[in-house]
Each structure stands twice: as structure tokens, then as C-alpha cells.
Amino acid sequence: MPGSIILHEYERVIDQLRSLLDEQGLTQKQLAEKTSIDPSHVSRSLNGEREASYEKIYRMWKVLKQEAEDTVTAEEVMVPEIEWVYPDETVGEVGKRAMEMAYTQFPVREEGDHIGWITTERLAGEDSDSPIRPLVHREGFTTVPPYLDVETIQEHLNGEYRAMLVEDEGEFLGIVTPYDLVNFTLKEDREV
Numbered sequence: 008m009p010g011s012i013i014l015h016e017y018e019r020v021i022d023q024l025r026s027l028l029d030e031q032g033l034t035q036k037q038l039a040e041k042t043s044i045d046p047s048h049v050s051r052s053l054n055g056e057r058e059a060s061y062e063k064i065y066r067m068w069k070v071l072k073q074e075a076e077d078t079v080t081a082e083e084v085m086v087p088e089i090e091w092v093y094p095d096e097t098v099g100e101v102g103k104r105a106m107e108m109a110y111t112q113f114p115v116r117e118e119g120d121h122i123g124w125i126t127t128e129r130l131a132g133e134d135s136d137s138p139i140r141p142l143v144h145r146e147g148f149t150t151v152p153p154y155l156d157v158e159t160i161q162e163h164l165n166g167e168y169r170a171m172l173v174e175d176e177g178e179f180l181g182i183v184t185p186y187d188l189v190n191f192t193l194k195e196d197r198e199v
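Numbering-wise, my numbering comes out as the position in the sequence shown, counting from 1, plus 7.
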């Protein structure tokens, strides 16, 4: 019986190593290079084909934890309060909220699902009593996991996306915009 408990714990640790590896976006080969462990040994250990020694597991764990600590994630830069608007709200209602909150864009939600986004640019010149539904952008907004690194977020926000919703297991946790990245960077600079 003690052997099965130890085996269960070993499998749990290997599962955690695989999860950390995935979260950090590293390949097994990169992990092998960072730990100075033979790549085939890392591969066989993480794939359950071979048991790794405690020392090698510890080296892999230490490198992955260090990578995680060095990585700034979406969860760290996001604004946790998402200010949603709904497609049946009017241009006037959304415009008023944008002015009050000093926001230039909002994610649009319908029946619990994110369906797009609306910008103040899009509202300009429209009838204030009209619903925003036909003005909703369906592209340029995406969801990301909370562990996505800030460098990847920056690349996407400089390119195809104007904002990103942070989502984990179907739950929206927050939102990241270019402004949030600037705010985070300024805050980090002040703390140094």
C-alpha cells in the first residue's frame, strides 16, 4: 500500500510539472536546456515512460517555478471589474456611461456570452435612441487565460486586438487593454 501512495504522489507531481510547463509556454527541449537534463530523459519522465530521480524532478520544478515568478501574466495586469454593455442598450446610454467612466470601449454581453465590443468612435454621430446592436464589432476582441504572459498580450494588442477578456473555465475574470499595460508598467517603474 505505501508504494501505491508514493506512486500516486509521483504522478501528481509529474502532472503539476506538465501543467507548469504548459503555462510557461516552454517545450520539453527548452526545459531540458534550462535544467541541463538530457532532453530524452525529460521527455520520458514527463510522458510517464520513465521515473525521474528526486534531484531531476526538483531541478525541473525549480526552473519552472522561477519562470512562473519572472513572468508577468494577464491576471496581474487585468482590471478585474468588467464593465459590460448589452446590445439592446441605446447609443445614448452607452455614450453617457463612457463619458462618466472615461472609457473608450466596452465588451458587449448577451445571455452570459461575450459577443463583441463597442467603441465611442462607433457611437459618434449615431441616433442616441438607437440600440447599439448593429454597431457591435464582432472581431478584434478575444479571450485569454489568466496565465498568458504579458509579452504575448502586448504583441496581440499592438496588432489585431484592441482588448482581451481574461477567462478561466468559462468565467470572465477581467479585461486587459493597452491602457492597462501602460498603467501596469508605470506602477512597476514607481515601485523600483
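Using N, Cα and C, we set each Cβ at its ideal position, and we do this for glycine too.
Residues that residue i bridges to, as DSSP identifies them
i: H121; result: R116
i: D7; result: With the chain covering 8 to 199 only, the question about residue 7 has no answer from this structure.
i: P7; result: Outside the displayed span of the chain (8 to 199) sits residue 7, for which this structure offers no information.
i: D187; result: DSSP, once it has assigned bridges, lists no residue as partnering D187.
i: V92; result: V115
i: V151; result: V173
i: D156; result: T80
i: T126; result: Q112
i: H144; result: W124
Neighbourhood of residue i by C-beta distance below 8 Å, restricted to the same chain and skipping five residues each side
i: V157; result: T78, V79, T80, A81, E83, V84, L188 and F191
i: V70; result: L38, K41 and T42
i: E133; result: V98 and L142
Supposed contact pair residue j and residue i - C-beta distance, whole angstroms, cut 8 Å
i: I89; j: F179; result: 6 Å
i: E30; j: A75; result: 7 Å
i: E96; j: P138; result: 7 Å
i: P153; j: D120; result: Wrong, their Cβ atoms sit about 19 Å apart, outside the cutoff.
i: V115; j: V92; result: 6 Å
i: G99; j: D136; result: 6 Å
i: Y168; j: G147; result: 6 Å
i: T127; j: T111; result: 5 Å
Spatial distance of residue i from residue j (CA atoms)
i: E118; j: V143; result: 15 Å
i: A105; j: K194; result: 24 Å
i: W124; j: V151; result: 16 Å
i: N54; j: H48; result: 10 Å
i: R57; j: G166; result: 43 Å
i: V199; j: Y186; result: In this predicted model, V199 has a pLDDT of only 49, less than 50, meaning its place in the structure is not dependable enough to derive any value.
i: Y61; j: I160; result: 35 Å
i: A170; j: E16; result: 40 Å
i: E162; j: T184; result: 12 Å
i: L33; j: V173; result: 21 Å
i: Q23; j: R66; result: 14 Å
Close Cβ partners of residue i (< 7 Å) along its chain, the five nearest in sequence each way excluded
i: V20; result: I64
i: V101; result: V92, F113, I125, L130 and I139
i: S11; result: In this predicted model, S11 has a pLDDT of only 41, less than 50, meaning its place in the structure is not dependable enough to derive any value.
i: M8; result: Legend: pLDDT at M8 = 35, less than 50; position of this residue unreliable, value from coordinates given subsequently. Nothing meets the Cβ criterion.
i: L155; result: T80 and A81
Beta-carbon proximity list for residue i, same chain, < 6 Å, skipping 5 on both sides
i: R129; result: L142
i: R145; result: G123
i: L27; result: L71
Exposure of residue i, with buried meaning 16 or more beta-carbon neighbours within 10 Å
i: A39; result: buried
i: S43; result: exposed
i: S52; result: buried
i: Q35; result: buried
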